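Student: Quick one: the structure is below, and I'll ask about it shortly.
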Amino acid sequence: MRRWLKVTLALSISFIIVFIIGGFIFYKMLISSLPEYKGEMSAPGISGEIEIYRDSMAIPYIFAKSEEDAAFALGFLHAQERLFQMDIIRRAGEGRLSEIFGKKTLPYDKMFLTIGIKRTVQKNLKRIDPYVLKLLNAYSKGVNLYIKEAKGKYPIEFDALGYDPYEWKPEHSLIVARMMSWELNISWWTDISFTHLIQKLGEEKVKEILPDYPENAPYIIPPELKNYPKITTSFIETDKAFRKFIGNTGTHLGSNNWVVNGNMSSSGKPIIANDPHLSYSAPGRWYAAVIRAGDWDAEGFTLPGIPLFVIGKNKNIAWTVTHIMMDDADFYLEKLDAPVKASKYLLDNEWKSISSYTEKIKVKDTLDVTMEIKQTHRGPIISDIHPYSFLYKEKKNGPAISMRWVGNDFSDEPYAFYLINKAKNWNDFRSAVKLFGTPGLNFVYSDNAGNIGYLFGGKLPLRENNNPTFIYDGTTSKYDWKGYVPSDELPELFNPPANYIATANNKVVKEFKYHISNLWEPSSRIERITQLLTSKKKNSVEDYKKYQNDFVSPYAKEITKYILSSFEGKKITDKNLKLSLELFEKWDYEMNEFSQVPTIYAVFFKHLLENIYLDELGDDLFNEFVFVANVPYRSVLKILEQGSSWFDDVNTPEIETKDQIIRKSLVDALSELEELFGKDIKVWQWGRLHQVIFKHPFSGLSKWIDEYINIGPYPIGGDGTTLFNTEYPFNKGVSKYPQFDHETFQNTLGPSMRFIFDFSKPDEFYLVLTTGQSGNVMSNHYKDMTNMWRNGKYLKIKTDEKSIRKNQNKFILMPQ
């Protein structure tokens, strides 16, 4: 053999050996971050031995002698499986993202420091229930035990970003809770955006497309709005950018929950269900657990970072939640004494002193940034926040706007949930929910005595104006909140004659003297729940499973009527147009992934939105208007029913009618689909276009990495109006902020978990998560529930002690 060939062969073999050894070492390094499910560990600070059993899907069953020990164990488990998820969300709330991501996250740090979540939590920490503070301390010790023991073998995200997590403290749990409250706050969008639209297009024009809701008062536009200086939308653009960065891209931030009593139940006992709709991510939001610790005998769903069950059951009761869609924030146009270095603001003809705070932000690979935050008696001035503010020298983008938000006031949600976790009956539950402040939640209840109930949970602002949806004049105290609606006057329901209770982010009371919201979801989901529950005399757990996975849209039924009506009497020559109309006539309004009709309908609806609104709004204003998806859904129904000048295309000399725009939208849709899939309608299945993907925070770095860390894409049915909510964004094309770009029809939000419980079988319940219990990409439990979730399958969780102790995976935390 020639020498050069020998050398080449030797080098090749050496390279292969090095590659294999290096790959093996790298693999071992990755799997070293996986948690141990068997064995024991010394745990300083606990009072007794803690037994942790895990089932085949890594759901833990905790046996502890005290509640504090159980909280410790839950903290340890959360950290084992979700530490990076917990760390990122607390960093965001504290304004510490830029320490690890550099200047690209500086706008988000500035935003949350301005909003004041960290300051609010620091104040609240001194006022929360002392015993719950003990639980938070115990939970923190459990998190910190894992942080200490796992040093050098943290999940890969920490190594990729080159940092170690810092110590967990009780305030971090409160920050996680407030960040969830912020995520569910969508009033920040409408007040500013609707005002912006009116300034651009005029009051009468915009009033035509503001979405109505049955029994809602008409929009009241402040008369002084026309005299306001031009406002900036930089704050809402920054918040959108943050939501995209963190993975919270959907806006149907709702849920379904319902309960029937024994009269409507096949088992003779109440059956309750819940599927909260949140933005998708990998890992998912929820962590399921079972706790047996003295009087704390409960199971259900926790949020990593918080040591209590948010949704679940105990020996006596079960509870579920949906988003009220409560209007929990208002914005005020302030008059300052100077454009930049203001020290006073005008209120009721007097100059009041502005409070100011200085915050320092550490930024990776560059100098620290110092910022000043100004605040009126209402709250922080948020108008200087800009999505790319690090590129500007504190550039003023418009007039000063302050924000009043429920989340900046004191409330003790951990204590409320602690009492809920241990409630024995309706009175206990009712007393606990009345302590709840934010976010506003519909609590649906059932108990082992056969009772069912509903409670409005949250602090509802008491306003003079009963329909606030625009920025207010801040120079007068007229629009200030007058406190909160007394808790005894908030809506509630106990054992109704209908024998069932359901909520789906709809308006829950027809007549109510206080303003709750203008942002209700379309009535489609609550209509469908009602149809299903009342279609049978008796409902079972198996029925509930079908209901939670239902893809029928009453909303699509309404829209289809207008499509068919617009073509009445018209001669149809195009083959696919004729076939499409025949399919619509026969359609059962099920948004099935294997069906072609939902594809035609969805692409039609996209073109309908664009053909109605885009000519007058342009891309940027259009994207503002459709950002919260329930706004265009409800607006379209309003103007289809009432008629509107918006149907006319201002770019043509002709005055288009409603029917012309509907017909044009269907023709446009067919042209797009023919170009995309070809002319054979048989291959236009909805699942080819409408897909779901659960994205890791590192998603987008490279296609190869995405294939490993993301879960999906998978075809999926439904849309934003079906019980199985599979929302996709409506925004058009490439926006001026590229963070908002998306795949057309990509499902971004939906059921973040599913829960069903029948009181006739108290020692079992059903659940499924979107991904899995673990956030570690190397874990078998990173995505082991996804196919179950997609296919309508459930885990049966057995909670009697005998069943629990049959699990082979046992881990013991030993007192030191």
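Okay, so the sequence shown: first residue is 0 according to numbering that gives the first Met the number 0, each after it adds one.
Yeah, the Cβ is synthetic: ideal placement off N, Cα and C, and Gly gets one too.
A quick note: this is a predicted structure, and the numbers were derived from the prediction, not measured.
Would you mind giving the Cβ-Cβ distance between R789 and Y713, rounded to the nearest angstrom? I have them listed as a contact below 8 Å.
Tutor: Going by Cβ atoms, the distance from R789 to Y713 rounds to 6 Å, so yes, they are a contact pair.
Student: Run through DSSP, which three-state label would G22 get?
Tutor: With a pLDDT of only 43 at G22, under 50, the local geometry of the prediction cannot be trusted, and the value read off the model is given with reservation. In this structure, G22 counts as helix in the three-state DSSP scheme.
Student: In the DSSP assignment, find the alpha helix (DSSP H) that holds L616 and state where it starts and stops.
Tutor: 614 to 625 is the extent of the alpha helix (DSSP H) around L616.
Student: To which residues of the same chain is I49 closer than 6 Å at the C-beta, ignoring the five residues directly before and after it?
Tutor: Cβ within range, chain order: A63, D68, A72, L812.
Student: Within 10 angstroms of its Cβ, does S410 collect 16 or more other Cβ (buried), or is it exposed?
Tutor: So S410 ends up on the buried side.
Student: With DSSP as the reference, label W285 as helix, strand or coil.
Tutor: W285: coil per DSSP, three-state reduction.
Student: Among S186, D128, I99, whose alpha-carbon lies nearest the alpha-carbon of D158?
Tutor: Considering only alpha carbons, the answer is I99.
Student: Residues in the same chain with beta-carbon distance under 6 Å from S539, minus the five sequence neighbours each way, listed in chain order, please.
Tutor: Cβ neighbours of S539 beyond the five flanking positions: S265.
Student: Given that a residue counts as buried once 16 or more other Cβ atoms are within 10 Å of its Cβ, and exposed if not, what is V142?
Tutor: It is buried - the Cβ of V142 has at least 16 other Cβ atoms within 10 Å.
Student: Using a Cβ-Cβ cutoff of less than 6 Å, which residues in the same chain neighbour L639 once the five nearest sequence positions on both sides are dropped?
Tutor: Excluding sequence neighbours, L639 sits near Y561.
Student: Residues bridged to Y499 by DSSP?
Tutor: Answer is V259.
Student: Measure the alpha-carbon distance for K809 versus G293 and round it to whole angstroms.
Tutor: Answer to the nearest angstrom: the Cα atoms are 20 Å apart.
Student: To the nearest angstrom, how far is the alpha carbon of K694 from that of E156?
Tutor: Their Cα atoms are separated by approximately 14 Å.
Student: Once the 5 residues before and after T237 are set aside, which same chain residues still bring their CB inside 6 Å of it?
Tutor: Closer than 6 Å at the Cβ level, and outside the excluded window around T237, lie P106, M110, I384, P386.
Student: According to DSSP, M813 sits in a beta bridge with which residue or residues?
Tutor: Answer is S41, bridged to M813.
Student: If you drop the 5 nearest sequence neighbours on each side, which residues of the same chain put their C-beta closer than 6 Å to that of S354?
Tutor: Once the five neighbours on either side are set aside, the close Cβ partners of S354 are Q374.
Student: Buried or exposed: which applies to G267, given that a residue is buried once 16 or more other Cβ atoms fall within 10 Å of its Cβ?
Tutor: Exposed, because fewer than 16 other Cβ atoms sit within 10 Å of the Cβ of G267.
Student: What do you get for G364, buried or exposed, if any count of 16 or more other CB atoms within 10 angstroms of its CB means buried?
Tutor: A small fix is needed here, since residue 364 is Asp in this sequence, not Gly. By the 10 Å Cβ count, D364 comes out exposed.
Student: Who are the near neighbours of T194 in its chain, counting only those whose CB is closer than 7 Å to its CB and skipping five residues on each side?
Tutor: Same-chain partners within the cutoff: L224, I230, F469, I470.
Student: What number of angstroms, rounded off, separates the C-alpha of N806 from the C-alpha of D54?
Tutor: Answer to the nearest angstrom: the Cα atoms are 6 Å apart.
Student: For a quick check, are the C-beta atoms of I87 and I245 less than 9 Å apart?
Tutor: Yes, the pair counts as a contact, with Cβ atoms nearer than the cut-off.
Student: First and last residue of the beta strand (DSSP E) that includes V443?
Tutor: Taken as a continuous stretch (DSSP letters only), the beta strand (DSSP E) holding V443 covers 440 to 446.
Student: When you compare the region 164 to 177 with the region 597 to 611, are there three or more beta-carbon pairs, one atom per stretch, that lie closer than 8 Å?
Tutor: Touching, no.
Student: CB-CB under 6 Å to R403, same chain, minus the five flanking residues each way: which ones, in chain order?
Tutor: Excluding residues within five positions, the ones whose Cβ falls inside 6 Å are D329, R377, G378.
Student: In whole angstroms, what is the alpha-carbon distance linking R527 and I146?
Tutor: Spanning the two alpha carbons is a distance of roughly 47 Å.
Student: Among L335, I500, S172, N407, which one has its Cα closest to the Cα of P269?
Tutor: It is I500 whose Cα lies nearest to the Cα of P269.
Student: So, helix, strand or coil for H376, using DSSP?
Tutor: Reduced to three states, the DSSP call for H376 is coil.
Student: In this structure, does DSSP put E488 in helix, strand or coil?
Tutor: Here E488 sits in helix by DSSP.
Student: What separation, rounded to the nearest whole angstrom, lies between the Cα atoms of L302 and K801?
Tutor: Cα to Cα, L302 sits roughly 27 Å from K801.
Student: Just to confirm, is the Cβ distance from K731 to V625 under 9 Å?
Tutor: Cβ distance < 9 Å, so K731 and V625 count as in contact.
Student: In angstroms with no decimal places, state the Cα-to-Cα distance between V258 and L766.
Tutor: Approximately 16 Å between the Cα atoms of the pair.
Student: Work out the CA separation of K140 and K605 for me, nearest whole Å.
Tutor: Going from the Cα of K605 to the Cα of K140 covers about 51 Å.
Student: What first and last residue would you give for the beta strand (DSSP E) that runs through L277?
Tutor: From DSSP, the beta strand (DSSP E) with L277 extends over 270 to 278.
Student: From P553 to E520, what does the alpha carbon distance come to, in whole angstroms?
Tutor: Roughly 13 Å between the two C-alpha positions.
Student: Determine, using beta carbons only, whether Y107 comes closer than 9 Å to chain B.
Tutor: Among the chains in the structure shown there is no chain B, since it carries only a single protein chain.
Student: Any idea what DSSP makes of D238, helix, strand or coil?
Tutor: If DSSP states are grouped into helix, strand and coil, D238 belongs with the helices.
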